[in-house]
Each structure stands twice: as C-alpha cells, then as structure tokens.
Amino acid sequence: MQNKTPPLKKQRTDESVKPIEFDKSSESWKRSDCLEKMTENKIDTDLYSRQLGTYGFDLMNKLVKLNILIINVKGVGLECAKNLILSGPQSVCIYDNDICDISDIGVNFYINEKDVEDKSCRSDAVLKELQELNNYVHIYNYKGTIEKNWLENFDVVICCDINKEDLIKYNNMIRGIDKKRIAFLSCNIYGLCGYIFVDFNKEFICYDSNGEQVKSCNVSKISKELEGKVSFDFDKTSPFEEGDYVQFSNVEGMTEINNKIYKIKNLKKYTFEIGDTSLYSEYIKGGICTQVKKHLKLNFYPYEYICVNPLNNENISNNEQKHNQNDNHFLDTCNNIIYENIPQPNSFIISDYAKFDMSNHLHYSIQALKWYELQNEKGLPENSDEDALEKIYNYAVTLNNKDKEEKKSYAVEQLKKDVVYNVCRYSKSHIAPVASFFGGLLAQEVIKFTGKYMPIYQLLYLDFFECISLNEKVDINEIKKMNCKNDNIITVFGKSFQKKLNNLNVFLVGSGALGCEYAKLFSLLDMCTRNSEQNTNLNQNNIDNNLACCGKLTITDNDNIEVSNLNRQFLFRREHVGKSKSLVSSEIIKKKNNNMHVQSLETKVGAENEHIFNEEFWTKQNIIVNALDNIQARQYVDNKCVWYSKPLFESGTLGTKGNVQVIIPYLTQSYNDSYDPPEDSIPLCTLKHFPYDIVHTIEYARDIFQGLFYNTPLSIKQFLNDKEEYINKIQEEGNNASLLENLQNVINSLKEISSQCNFDFCIKKSVELFHNNFINQINQLLYSFPLDYKLSSGEYFWVGQKKPPQPIVFDVNNEMIQEFLLSTSNLLAQVYNIPPCFNINYIINVAKKIEVKPFEPKKVKINMDEKNLNNISISFAEEEKIIDDFCKELLNIPTNNIKINPIEFDKDEQTNLHVNFIYAFSNLRAINYKINTCDKLKAKIVAGKIIPALATTTSIITGLVGIELLKYVNYYDNIQAYVKLSDEQRKKEKHDVLSYFKNAFINSALPLFLFSEPMPPLRMMDKEYDELMKGPVKAIPNGFSSWDKIVISIKNGTIKDLIDHINEKYSIDVNLISVGNACLYNCYLPAHNKERLNKPIHELYKQISKQDLLEDKNYIIVEASCSDQDLVDVLIPSIQFIYK
1 MQNKTPPLKK QRTDESVKPI EFDKSSESWK RSDCLEKMTE NKIDTDLYSR QLGTYGFDLM
61 NKLVKLNILI INVKGVGLEC AKNLILSGPQ SVCIYDNDIC DISDIGVNFY INEKDVEDKS
121 CRSDAVLKEL QELNNYVHIY NYKGTIEKNW LENFDVVICC DINKEDLIKY NNMIRGIDKK
181 RIAFLSCNIY GLCGYIFVDF NKEFICYDSN GEQVKSCNVS KISKELEGKV SFDFDKTSPF
241 EEGDYVQFSN VEGMTEINNK IYKIKNLKKY TFEIGDTSLY SEYIKGGICT QVKKHLKLNF
301 YPYEYICVNP LNNENISNNE QKHNQNDNHF LDTCNNIIYE NIPQPNSFII SDYAKFDMSN
361 HLHYSIQALK WYELQNEKGL PENSDEDALE KIYNYAVTLN NKDKEEKKSY AVEQLKKDVV
421 YNVCRYSKSH IAPVASFFGG LLAQEVIKFT GKYMPIYQLL YLDFFECISL NEKVDINEIK
481 KMNCKNDNII TVFGKSFQKK LNNLNVFLVG SGALGCEYAK LFSLLDMCTR NSEQNTNLNQ
541 NNIDNNLACC GKLTITDNDN IEVSNLNRQF LFRREHVGKS KSLVSSEIIK KKNNNMHVQS
601 LETKVGAENE HIFNEEFWTK QNIIVNALDN IQARQYVDNK CVWYSKPLFE SGTLGTKGNV
661 QVIIPYLTQS YNDSYDPPED SIPLCTLKHF PYDIVHTIEY ARDIFQGLFY NTPLSIKQFL
721 NDKEEYINKI QEEGNNASLL ENLQNVINSL KEISSQCNFD FCIKKSVELF HNNFINQINQ
781 LLYSFPLDYK LSSGEYFWVG QKKPPQPIVF DVNNEMIQEF LLSTSNLLAQ VYNIPPCFNI
841 NYIINVAKKI EVKPFEPKKV KINMDEKNLN NISISFAEEE KIIDDFCKEL LNIPTNNIKI
901 NPIEFDKDEQ TNLHVNFIYA FSNLRAINYK INTCDKLKAK IVAGKIIPAL ATTTSIITGL
961 VGIELLKYVN YYDNIQAYVK LSDEQRKKEK HDVLSYFKNA FINSALPLFL FSEPMPPLRM
1021 MDKEYDELMK GPVKAIPNGF SSWDKIVISI KNGTIKDLID HINEKYSIDV NLISVGNACL
1081 YNCYLPAHNK ERLNKPIHEL YKQISKQDLL EDKNYIIVEA SCSDQDLVDV LIPSIQFIYK
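If you read the sequence shown in UniProt numbering, its first letter stands for residue 1, the second for the next number, and so on.
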C-alpha cells in the first residue's frame, strides 16, 4: 500500500550525532525504510521524546519488538489500537470482520456514514486512518480463521467486547503455545461499566513495579555492632521505606559492605539498621546507599479459571499469610537481584471507598450477563427487555449464593439488583468516554508486558453508574433505539439528553494532547452541532438560559505543531508540522462530524486578550474544558469561570499519572482554592560547588548556557544598539553583584572579539572554558577545602552529600571532550556571526596547540555556617570596582563591525547543538564529582523542563473528564435547584448532588485509581483568631466563598461613593481599595484622602494602570480591605462595581 503522508526523516538514537550530519539536508525515508529502522532498534527520539521521558530506552527497546493482535475494534478496541500504535510497537494486526453499524459512528472516530452505507467490515474501515498514526509501525488487517499456529506470530493478543466462549477459546489457544510467552488481555465495556482481564502466563517477572527513579542517599556513618546502624544525609524525609532493599558502594574503611544487598529494618528519619556489622572494619567516611528494586514474580491463570475464582488466599489465616510473605523473598547472589513471589490478590482493586464492594457486585453481574449472552445466541439484552434483566439478575443471585455457601471471601451478603440491571440494561451501548478510559488503560497494560510497571493482577472492574443514579426511574420511550449514530448515548441517557449535548456552547482551552482527545470526544458525542431541525424543538429547560440557537465549540491554542507532538496528539500528522494546533484539530473533527459548529482561534487566553474573550464570550459559554500545561493559564481561566459562574473541567497528566478536578459553581472548590506544593529548588551552593546528582550538573549546565550564549550576548547587543541608553540604564541600577558580574563578562567578551573574530577564536574560547570549569574551579575548591579539611567539630568536611571533586585531564581524544569542543565552539560562532565548522579533526588540531595558563590559586572569601552546610558562599577577594569604572572601560573598547546573535535554548531542534552542549557540559561536571553520567535524552528532559507524557494516560484522563461532563449535563437542573437551598435544606434532601461527581487521581503504573467527591467551596468565616491576620477576623456575609460577589451600581461612582455605600450597608470602614494589581486608595495615605476620594473609580484606574477599560463592560472588579469599629479585620467578597 502506498503511503500518502510525507516521508519520515531518519531515526536517531540520541546517543550519536556525528558532526558530518549537520552539513547534510534531511534524508527522506518511506514507510518500509521506517519499519527497517525500527527492526534495527533505532528509536526516533524526536518523535518519542516525551514518551521516552517516562518509559526510558530499556522499555522502548522491548516495545519496538512487540507484534500485537487486536480482535474487535468497535470502540474500546479502536481506542486501544490508537494508543498502542502511537506508542510504537513493531506491528499491530486488526481482526474484525463485523460490518460497520450506524451506532459505530458515535464511538469509533475512524468509521463514518459511507462505511456504513458501503457495508464495510470494521477492520477495512479503520485501517487507513490507523496506518497514518505512526509510519514506524506495521499495521495490517486479517480476515481468515484464527488458528493456534497463526497466533504464534504475536507477542500480545487483545480481545475486546467478545463473548465468554470465544474469550476462553482464544485464551486457551495462547496458553497451549509452548514456543514462547504470549500475553493475553481482554476488555469488555457495557454501557457505563467494564472490565479488564490480564494473563501474562506463569512466572511472569515485573522488574520495576512503579517506574519511579531509584532512590539513593549519601552515607554519613555506619556503626559496628550486631544491629549495624546506618546514618544518612538527605534533604527531605527518608527516601526509603521499611523493608526496602539497598546496596552500598564507595564506603571507605568498612569496605566489606560495598556491593552487598541489605534489607532495611527499624527505619527512622535519618537512620536504619541492616543487621550484623560487628565483624566488619571500622567505618571511616563516604559511601552511597542505593535502593534495589525487587523483581516481582507473578503467576497468572487463564480466564476459564479466573471467572470462577477471581480472588485467592481467601481461606488463609493471617498467621499463615504472614508466614508465606516472609518466605516470598529470595536473593539471586550471582546477579544481585531480589525476587519476591506475589500471590493472587485477595481483594479487588478498590477505586472508590464510597462503594468499596462494587467490584464484587460487578463480577456477579457481568458473569451472569456473559451466561445470558451464550444462552441467547451470543446476543446481549435490549434495554427494554425486563424479562431478560430479571432472568440475568436471578442467575447472578444463584452464582453469589453458591459462593456464599462455599465461604468465598468475594461473595456479597445481598446482591444489589440495581447494579445488575444497570450492567445489563445498557450492555449494548458503547459510550465514547468509557471506551476512551478503558482503551487507554488496556493499552497501558500491554506496555507492562515488557516487565516495567505492575500489571492488573488479574481482573479490574469499574463502573460509572453515578451518571444515571440520580434519575428516579427509567423512561423506556426516552431511551428507545433510533437507529442513528447517537444510539449509544440515546439508549442510556435518552433523546432529550442528546439534544442538550447538541446545543451546548463549549470552550476548549488548548489543543495539544488533552485537547485532541477532548475534541474527538465532543465529535463522537455529537456536541455543539448546528442542526437546525433540532433547534425548533428545544426543551425550554435548557442547560443555560443564554443558550444560542445552536451549539458551538470554540477551540483556542496559540501553539504550532511540532514533531514531538505526533506521538500523543493523535489528530496531527507529519504534514501538519508547523501549522496551528487549533486550526488543524478543528478541521479534522469537522470532517469527522460535519454537523459540528466549530470556531478555532490562535489566541492565548490571558489578560492581554480580554477584548477577544470578553464579557459576551464568557457569558455565552455553558461549559469550559481546560487542556492546558501550565499553572498560570489554569489559574486565569479558573478566575474567569468563578467570576462568570461557569463549570470548569480541569485535568493534567505526568507520565503514568493523571488527575481530574470537577469545578461546579457554588458547589465545589475552584482550582485556585487549592494549591499544588511548590517545586523543590536546588540550593545555589549545591549547584555551584557541591553537586551530588546528575540533575544538579544538568541544571548548572543550563545556567551556563543561558549566561554564555544568551544573557551576555544580549547585553552586548543592547550596548551596541544604543551605548548611551545602555550606560544610563546600568548606572540607574547601581552597584549590585549580579550586574557587576554581567558587566565584567560583557567587557571581557567585547575585548576578545574586537581583537580576533574567527572560528579559531571560538575553539580557543572553548578550550579556556573547559579549563576554567573542569580544572581551575575544581582546583580552587580543593585549595579552599582540602580533602582532609575538618570542621570545628572535628568532623570531615567532605562527607555525605559533599563529594570531593577531581579535575579532568584535557584529553582531546576523549569523546565527551570532543563533544564539548564541537558544540561550544559552534554555538559561540553562531553568537558572534562566524561561519560554523563541524570538522572535528580540525577542531582537535587547533585545540591541541592552544596554550592555557596553569592554575594559580586565588584568595577567596568564604561565608560558612557549620550548622547549615547548605548555605556556603565563596567569592574571589579581588579589588572591587564600581559601575563608573566599568562604564569607562566599556566605552573605550572598539566595537566596529561587531554583530551579535543571542541564542535562546531550544530543546527540540537536534541539529542546533544546544542539547549537545548541555549533555557534554553536565557529564564532564559529573565526572568531576564522581556522579553517574547520563544520556542525551536525560539532559534534554531536565534542561528543557520536558513533562513526560503518554498517549495512554491522556486517553484515560480525557475519558474520565468526559464522564463527568455527561453527569453535569444530565444533572444540570438538579444542580441549579440544589445550590439555591440553604445548608439545613440540603441536609433534608434525599440526594446530595455533589456526591455523584468524582475528582480522580490515577497512576496506571501501580495500578492505582482513586475517585473521590469534590471538596465543597472554601468559606470565609468569623474567627476568634486567624493565623494569617494574627488576630480575630469577621466575614460579611459569614460563610461566603469565592463564587460570591457584591454588586454595587453607582453611575460614575467615586472612591467616596463606594466607601459611603459599604459603610452605610455593612457598618464597616474601608481601608484599602484595589483593582487588579493597582492600589486605588489607601486610607492611611494623606495624599489619597486629598486627591483620590472624589475621583471616579474607573478613571482613577485608567490613570494609575495606564490601561483602557473594555467598552463592552459596564463594571469594574474591585477588592476592598475593611475593618469594623473595633478595628477587627473584615473580609468581604469581590465587588462588581457598575459605573455606567
């Protein structure tokens, strides 16, 4: 089959970028060439960079060899296929000979009306679109008979939405293959619930159960006794847990402990015990303690056994179980590997503790449904067939009673009839968000066959019945099948519900990985359509009073598509690189669903664009969905949603982790009500002088890059553009240390390039940089703190996290030094407009001849607090200069014909040598400090602050958000009625609306799923003592939240008008008035009382902020700080001050 997409460029391993490559144009590769490269295990690090950030090369090298078969791609199978193909296995085979059905269009993004009209089989309908997802993956379909010898071609077989008989048949076929281990997975979704079954066969080894980085710490002391006590240095709490295994290295004195594995016992904050060390030598100093990850051995059973015995160990006593666990660990001394036998679980995975035994009920419900399916010629019941539902329920009760008699731990006291009915009534429906969730999760389980991450062991049941649980009764006429593409939704939620979806106004902020998935879901759910026939019959109780005559989806994203996006932003292809994300995604979903009314914008959502996203725009929206990747933008959108009382669906992903937050006006906390903990910062002295982790050396290299190639060149450019203005500006700033240091760098650079400006100069500068950073600075540090340096307490200085460095010999034959010279010299050439040179032999020959002054120690000033050795500053004790001295020197340097190009760091363009510089510099510094070096990918991820991302996690999270969105639309009327009730009235209500919504946190690596009720809004209350205010506070009205506001209307109202109004209505005094960051009035400043009291607030704001107010807004948002007559601080809501 001919590939119509543009050819891929040659893959890179990210380990070897040869200088000669930079002189060549990109080579074109056809699909066959791409597949050939994958068989050579070369991984395109441009395409897979975000995925590699999570998986690493070890997993990816196994993944690219996998051959996968997927049986049935109606909904969840298609989602699984999409996510796996994006991930990059060797091949994916699709087996689905069923004819496309009209309802498939509402759950399968690659099936359209023509496929239904032509009666195409599903595998043919989806094949072309799947092939375009990733040219490195061989994708094909098969229409023959599934036989045992054919299955031997695969490493993984996945069955989706198939009956029990076929499931057991295929599972047993695979189990009967002795030539190799083949994974078998199955997933069925039934309306609003589903399950996943995993079988990796006997004695499967999971070598990394969580995917987290191995923890380590520096040893400060080891006692010599029967229970040897290890003392360690760590900035925060202990990196280890009780029962962890650790290995020691680089211990001086007690060398017997090196390279041996010990189990941690009696773990304290900074100590733990490891057993008998009494016969070892005395500990002197040093040492690193590193966590050893256990290899988990799991025995999987076939579905035929698991469907009857889903859990194990139910009859084992606690003592016996504890005894077995003690015997489960054993050490492979040859390979230093700890193995642990993991027995079958004795409970299902609990995702929501509000319904902790739901999986048990789902197990019996689904097993009974599977029984009915076989009894009914492999057909599932219609949603109106009450006799069938009752029959299934009775059989489920029989199954449960049998297990109760046999005292099975998973049997329930009384099976919930509504659960069985919900499973069965909607079993023929395939809801797009549910398929997205299970499809992402199923694909992630396939990845785990590589041995990384803990697989589902062996069954997972999940439901989302909260979507319909608030509905008092089922209206059979409302959920009657209509033989249309929306039948999946109609047969669960009803025709009226579908019309609500059609007529929604939705604002999607962001069109990256999350945004693409959301756009897909909105298209499949037939949201935001312009169908005029439906508009004539709109329900008067619409979801929003401001609903327009038809729905509309607005997508905005000011970013363009990059190669690294293609691995998880599935709407985009190679030909889209460089184009607008929002424009491309909009066109694609409109092509899928031509009824959709979509507006695409390339505008950033922020204060600078409030003339576009104005009052009218926000007022029209029914739902806001964030698909953002930064906190500031999230906070801004959240503020808008709070002000305009709009629901916000918030989400985020990080590797295998993801979260969902549902924000409903007046009912839940807003995004800004809760804050993520700040990121850990690295102490400056650690970065500059005492690194002990590769992250420290990479961050330091990034700082060097910023100063050397951007900050100093930018200052030079500013000086050259207008010398007088530059001098005046720095003179105004005064004698601060950072400015003086920058000025010295500017002067030194200008002197050098004014006398010599060719590539040999760049090589010379690179050699000097090498000597300065990796030889002279190290020798200076050792001169200041010799290896035997001791503190006043008598303890050695160089212990624990302080690793004594060693200088590096300048050897031009060293590959890392060559990489440094090549990247540094060419980056300098780019800065100073000098033609580049990628001939490494020339660079080496010139570098050999350069003479560098030998190291001479300098006098330094050392400020050190021995109680806090993380706070050490070292500065040279040189003759101090002042700004005027620098300015005179600067103006005397000749600057004719000097052109400067500051370079901003770009992590994604591989040929620009930016990452090469970071890689070389950070690793050379790591060698200085005996830190393990890293590959280019690690350097790129840390320096570029790349957020690891996976297509699988994105699919899971967007599915969960889609489910919450369906709840909101379904329960809109209930929410509006509920929020109007008082607290006392809410207590009397039969249903708490909030309890039906779920925030979520998932970590598919573990696997962990946590669903919880959203928190109610934070309320401002009267307090006798407030920690922040250091005294009593009052709230008016008592118990208000961020959703509340005070509306005051005074035409051309002044500061005095506002103060008088507040004083008269609330009997409080106004001390401060502000709008945004502008302080309009401070009662303690006489000038304000004299000059500002009688000025209109809107004019005063324009005067102070120098900003015009929007014409479409007749109000301004004012914050007031108040107090009562007893000078007690009073909190009041934000004020909507209407001035015209």
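Glycine is no exception: its CB is placed at the ideal position from the N, C-alpha and C atoms.
Reduced DSSP category for N422 - H, G, I as helix; E, B as strand; rest coil
helix
Residues sharing a beta bridge with T1054, DSSP
P1096
How many angstroms separate the CA atom of I174 from the CA atom of F204?
15 Å
Helix, strand or coil at I392 [DSSP, three-state]:
helix
As assigned by DSSP and simplified to three states, the class of Q756:
coil
Inter-residue spacing [alpha-carbon to alpha-carbon] between residue 1146 and C100
Missing from the structure shown is residue 1146; the chain here goes from 1 to 1140 and no further.
Residues near N328 in its chain [Cβ-Cβ closer than 7 Å; skip 5 each side]
E340, N341
Can you tell me where the alpha helix (DSSP H) with Q777 in it begins and where it stops?
777–784
Exposure label - N871; buried when at least 16 CB within 10 Å
exposed
Looking at C-alpha atoms only, which residue of C193, V860, D906 is the closest neighbour of G439?
C193
DSSP beta-bridge partners of S1105:
Partner(s): none; S1105 has no beta bridge.
Whose CA, out of S278, A1035, L553, K269, lies closest to the CA of K1045?
A1035
What residue ranges within the segment 415–463 form continuous alpha helix (DSSP H) runs of no fewer than 4 residues, ordered along the chain?
417–425, 432–447
In the DSSP output, what is Y996 paired with across the bridge?
In the DSSP output, where bridge partners are listed per residue, Y996 has none listed.
How big is the Cα-Cα spacing for I698 and G800?
21 Å
Tell me whether Y353 sits in a helix, a strand or coil according to DSSP, three-state version.
helix
Measuring only the C-alpha atoms, how far is S103 from D487?
6 Å
Give the DSSP bridge partners of K1034, in chain order.
V1130
Which of the three DSSP states, helix, strand or coil, is assigned to V1075?
strand
By alpha-carbon positions, which one of E889, L913, V746 ends up nearest to S825?
L913
Could you pull out every residue in the same chain whose Cβ sits closer than 6 Å to the Cβ of N250, ignoring the five residues on either side in sequence?
G286, G287, I288
Looking at the secondary structure, which residues open and close the beta strand (DSSP E) in which Q661 lies?
657–663
Taking C-alpha atoms, which residue in K859, P455, N394 lies nearest to C424?
N394
From the DSSP output, in three-state form, read off C516 for me.
helix
Own chain, CB closer than 8 Å to L822, minus 5 neighbours either side, in chain order
P19, F838, I840, I843, L913, N916
Going by beta carbon distance, what residues of the same chain come within less than 8 Å of H597, once the five residues before and after it are set aside?
C528, T529, R530, C550, G551, K552, L553
Thinking E282 and G243 are a contact (beta carbons under 8 Å), I'd like their distance in whole angstroms, please.
Not quite, the Cβ-Cβ distance comes to about 28 Å (not below 8 Å), so this is no contact.
So what's S216 in DSSP terms, helix, strand or just coil?
strand
Using 10 angstroms around the beta-carbon of R986, count the other beta-carbons present and answer buried if the total reaches 16, otherwise exposed.
exposed
Opening and closing residue of the alpha helix (DSSP H) in which C641 lies
631–644
Return the CA-CA distance between N594 and G959, expressed in angstroms with no decimal places.
23 Å
Sub-8 Å separation of S1004 and T450 beta-carbons:
no
Distance CB(V126)-CB(I85) smaller than 8 Å
no
Out of curiosity, what's the CA-to-CA distance linking V563 and E517?
18 Å
Is the beta carbon of P805 less than 8 Å from the beta carbon of I775?
no
Look at the alpha carbon of V846 and the alpha carbon of F921, and state the distance between them as a whole number of angstroms.
20 Å
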